[in-house]
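**Student:** Attaching a single structure in structure tokens format; questions to follow.
In this note's numbering, the protein residues as written are 14 to 205.
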């Protein structure tokens with residue numbers, strides 16, 4: 014047990030890189046605490062050890078977390094450890110939360126503006142026809158063109174996916190997914 018960090022252990026880490034879900038990418042963090050063996054007798058991972066991972070891009074509407082797989086740890090002494098464990102929050106929920114930009118104005122702004130213009134044209138046409146001393150003005154084509162433009166603008170922008178960002182320096186956790194065996198790395202000697 015002096016050579017193991019067992020499955021289910023949490024590693025606390027501070028992000029070195031910011032994360033954006035627009036595209037998949039690599040990320041890194043640093044351990045914020047020393048990590049001892051399961052029997053608490055041997056320091057196996059020093060505070061400041063660098064952990065590297067990769068995250069998926071493209072979250073879906075309604076999602077507020079991004080999946081990160083932490084793949085490798087490098088200690089300050091140069092020890093490399095294969096990790097392959099998921100990122101979590103402090104309570105162990107899978108994935109990392111962050112600020113979610115739904116791109117509301119990019120998705121709906123043009124359609125809202127064009128619909129407003131359509132309403133103003135219709136209002137103006139009705140006002141002009143009501144006070145025109147018998148003359149009729151036809152603004153139908155202009156109003157229909159505005160409606161068609163709003164429909165096209167909405168169709169082109171409605172599928173913009175949300176973007177999740179996580180800031181550099183944010184604290185995260187890693188749930189160790191399998192036992193980490195350090196027997197091939199460290200040699201313990203009895204103290205006299």
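From the three backbone atoms N, C-alpha and C, an ideal C-beta is built for every residue, glycine too.
(1) Please name the residue, chosen from 16, 40, 80, that lies closest to residue 51 on a Cα-to-Cα basis.
(2) Please classify residue 221 as buried or exposed, where buried requires at least 16 other C-beta atoms within 10 Å of its C-beta.
(3) Within 10 Å of its beta-carbon, does residue 40 have 16 or more other beta-carbons around it, so buried, or fewer, so exposed?
(4) Could you give the distance in angstroms between the alpha-carbon of residue 49 and the alpha-carbon of residue 173?
(5) Starting from residue 85 and walking both ways along the beta strand (DSSP E), at which residues does that stretch end?
(6) If the criterion is Cβ atoms closer than 8 Å, does the pair residue 109 and residue 79 meet it?
(7) Going along the chain, which residues of its own chain have a beta-carbon closer than 8 Å to the beta-carbon of residue 105, five neighbours each way excluded?
(8) Flag this pair as yes or no: are the beta carbons of residue 111 and residue 178 separated by less than 8 Å?
(9) Among all the DSSP beta bridges, which residues are the ones paired with residue 41?
(10) Between which two residues does the beta strand (DSSP E) holding residue 25 run?
(11) With DSSP as the reference, please indicate the residues paired to residue 58 in a beta bridge.
(12) Rounded to the nearest angstrom, how far is the Cβ of residue 56 from that of residue 18, given a contact under 8 Å?
**Tutor:** Answer, in terms of the structure:
(1) 16
(2) This structure cannot speak to residue 221, because the chain is shown only from 14 to 205.
(3) buried
(4) 45 Å
(5) 81-87
(6) yes
(7) 23, 186, 188
(8) yes
(9) 65
(10) 23-28
(11) 48
(12) The pair is not a contact, with the Cβ atoms about 11 Å apart (cut-off 8 Å).
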